[in-house]
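Colleague: Structure incoming, see below.
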């Protein structure tokens, strides 16, 4: 078949076979870049498309408006507000769940089912079983993830404390809901399917349990397309103010959608920053390989032009080679991207509870990935192809003058007196080819930098967990009450078996305003010198809450565009609903959420309320935890329980499953880059210096000494690349930190020494693997054939 090809095409195939190792290494690096781009952009499109379809099909609300108690007749007025497409009311309450086999109480929510069957706002997907019988008040639907975590099926039962009364409930069906795509307990940062459950109960039964006959405590709305929801939120708050409205909010503050949006933003950032690094490395490799191939084939290029081949024909020959290598890389990348995308979709289904999630990258993603790869390859090899065009046949057929090693730097000659001959040859060769050495060093450093920059997030998240659970929140248990209670309730909780120490807190809903900026938040009131849940500064030192003003997290202060010492408008959405100007008495560094703090006594004075609290932080005797949990299960005033140890375990499990997977693939990709750079450099050096090395063998040097001359140079360049790689990794990590600055998370710039060491080890092992491959080639060097090579 090869006989039917044009002579230059036959040469092309022979050349590709000769450099098959280097070509494959370059193709793999291109494939990594294309694959990561397809995975991130394809998954981004799949998540966004699935979310939009799910929300639309099951009528995910645009607005939630919680109240204390409002009459059902108010629904008509809500529906008539300008911009409201549809409105519904419901009952929603926090409950404590008791499941057989679970020692600790479980935080849950219960919602009312619509009285009239049919499509409704925040509708759900019935996965198993049936809807509850309207005549049977004990029947409920359960969130599928929670039920599966406790191995509950339709027909099984559990207990719930409904408004102080413990009631046995029968599960009739398992459902998914657009409100709980990311089902997370209030106050937590990662989902725990065992620790948070949601139930749906017949309206009449739930209304009877919470004394809400003919009333509701939450309205949900669909806004008209293109409607300004901010104006609608203000109208809702005004209408519902007299009914104890705590502040209507939109999707941007709905916890499940917040986390889903945050994940989409992270995918977008990853797809924007990381793939170009791979493709830049590929461009560098193509530049080196094609450039040095052109230098090696100077005489052949001159002969081709002398025999009548035009500049364009010779240039096309090398462009075909570049194109074939790039297309191979693109093919690898498409296959890799689809495989990684399907795997990522499967992993996301464990966290985001959609009815389905299929990885499907739109055509434009493939086109952009392919186009950008070809562009990068063209840019990377432009200089080499231009040299081919400009090379004069007469000049090309004259061998280039050999490098002059007689004139070396003074410091090099001084150093050479103290080292052996092979080592002097290494240093002199590097000195005579500084650009080549620098490019190789930069390529290796980029692989290490990529590994550090993509793996540091594990260090940062572990740091955040440590700070959150061991420095800021040091309690064992957080107990939330159904209603604010007198501070004497702390003593009641301390009477529970195992309770050793308690500190009260209060949370109130507010609207914070500064000029045109406003935020709906919850202010946490703490004791001034609290020991369990503390406010700390950037040095992790406790910050005593002052007896005046409000302390804001740095992110909240940024969103409000306010500084310490300035005043903001504070509108309380509970109790007597006071509105007042308050000084920002301090700004503290936080990594999660947008927190605001006050002295508990100052808060209660501001509310002109009795000394009231929303809950308490507790230390519990480890030997009496089961007895303490049992006591909480039978306490009617408790609405929610958060267990620090279980929350921390859930966080670690999430990190291990999600970030651990990303770190593994990033390690693999970075290792491939290092392998590609070092192997290409070594193979090209071997092809360029084959005659020289063979001559040294004939002159008496051993195979080991000859290998040392070539591989020692690469080892030295690899060692020089390590500090540069550490610096590049730090820069990439810093860039990612700036990009991941969201309301939910601010990743700290924390890179542990073990991450630097791990990245260096991966690079060294990759370089060692490359060295072994090249060493085998040196061992197989045919001295007679090499020495017969024409000059």
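In my numbering, the protein residues as written are 951 to 1741.
A virtual CB, placed ideally from N, CA and C, is assigned to each residue, including glycine.
Note that the structure is predicted; figures quoted are calculated from it, not measured.
(1) Measure the alpha-carbon distance for residue 1082 versus residue 1123 and round it to whole angstroms.
(2) Where are the beta strand (DSSP E) runs, 3 residues long or more, that stay fully inside the region 1102-1161, in chain order?
(3) Which one of 1410, 1034, 1092, 1175 has the shortest CA to CA distance from residue 1704?
(4) Is residue 1673 closer than 8 Å to residue 1578 when the C-beta atoms are compared?
(5) Would you report the Cα separation of residue 1486 and residue 1702, rounded to the nearest angstrom?
(6) Please report the straight-line C-alpha distance between residue 1119 and residue 1499, rounded to a whole angstrom.
(7) Let's test the definition: count the other Cβ atoms within 10 Å of the Cβ of residue 1065 and tell me whether it reaches 16, buried, or not, exposed.
(8) My understanding is that residue 1625 touches residue 1719, with C-beta atoms under 8 Å, so please give their C-beta distance in whole angstroms.
(9) Under the assumption that residue 1173 contacts residue 1033 (Cβ atoms under 8 Å), give the Cβ distance between them as a whole number of angstroms.
(10) Is it a yes or a no for the region 1525-1540 touching the region 1465-1478, going by three-plus beta-carbon pairs under 8 Å?
(11) Going along the chain, which residues of its own chain have a beta-carbon closer than 8 Å to the beta-carbon of residue 1203, five neighbours each way excluded?
(12) Is it buried or exposed, residue 1094, if we count other Cβ atoms within 10 angstroms and call 16 or more buried?
(13) Do the CB positions of residue 1280 and residue 1320 come within less than 8 Å of each other?
(14) Consult DSSP for residue 1203 and reduce its assignment to one of helix, strand or coil.
(15) Based on Cα-Cα distance, which residue from 1294, 1390, 958, 1211 lies nearest to residue 986?
(16) Less than 8 Å between C-beta atoms, sequence neighbours within five positions excluded: which residues of the same chain meet that for residue 1051?
(17) Starting from the Cα of residue 1633, find the closest Cα among 1614, 1041, 1728, 1666 and give me that residue.
(18) So, do the region 1555-1574 and the region 1401-1418 have three or more beta carbon pairs nearer to each other than 8 Å?
(19) Can you tell me where the beta strand (DSSP E) holding residue 1450 begins and where it ends?
(20) Measuring alpha carbon to alpha carbon, tell me which of 1726, 996, 1711, 1660 ends up nearest residue 1291.
(21) Restricting to Cα atoms, I'd like to know which of 1220, 1068, 1163, 1117 is closest to residue 990.
(22) Is the region 1153-1172 touching the region 998-1008 in the sense that three or more CB pairs, one from each, lie closer than 8 Å?
(23) Among 1247, 1520, 1645, 1147, whose alpha-carbon lies nearest the alpha-carbon of residue 1458?
(24) Is residue 1077 near residue 1125, with beta carbons less than 8 Å apart?
(25) Which residues does DSSP list as the beta-bridge partners of residue 1492?
(26) Is residue 1712 buried or exposed, if buried means 16 or more other CB atoms sit within 10 Å of its CB?
(27) Would you kindly report the start and end of the unbroken beta strand (DSSP E) that includes residue 1583?
(28) Go through its chain and collect everything with a Cβ distance to residue 1010's Cβ below 6 Å, but skip five positions before and after it.
(29) What would DSSP say about residue 1685, mapped onto helix, strand or coil?
(30) With respect to the beta strand (DSSP E) encompassing residue 1061, which residues constitute its N-terminal and C-terminal limits?
(31) Using CA atoms only, rank isn't needed, just tell me which of 1602, 1404, 1699 is closest to residue 1618.
(32) Which residue wins for smallest C-alpha separation from residue 1406, given the options 1616, 1443, 1602, 1396?
(33) Where does residue 1741 fall in DSSP's three states?
(34) Let me check understanding here. Comparing Cα to Cα, which of 1286, 1074, 963 lies closest to residue 982?
Modeller: According to the data block:
(1) 8 Å
(2) 1107-1112, 1115-1126, 1146-1152
(3) 1410
(4) no
(5) 22 Å
(6) 46 Å
(7) exposed
(8) 6 Å
(9) 6 Å
(10) no
(11) 1470
(12) buried
(13) yes
(14) helix
(15) 1294
(16) 1100
(17) 1728
(18) no
(19) 1449-1464
(20) 996
(21) 1220
(22) no
(23) 1520
(24) yes
(25) 1486
(26) buried
(27) Note, residue 1583: premise wrong, no beta strand (DSSP E); alpha helix (DSSP H) at 1575-1583.
(28) 1128
(29) helix
(30) 1056-1063
(31) 1404
(32) 1616
(33) Residue placement at residue 1741 cannot be trusted, given a pLDDT of 49 that sits under 50; what the coordinates show is reported in the next sentence. Looking at residue 1741 - three-state DSSP - the assignment turns out to be coil, as it is neither helix nor strand.
(34) 1286
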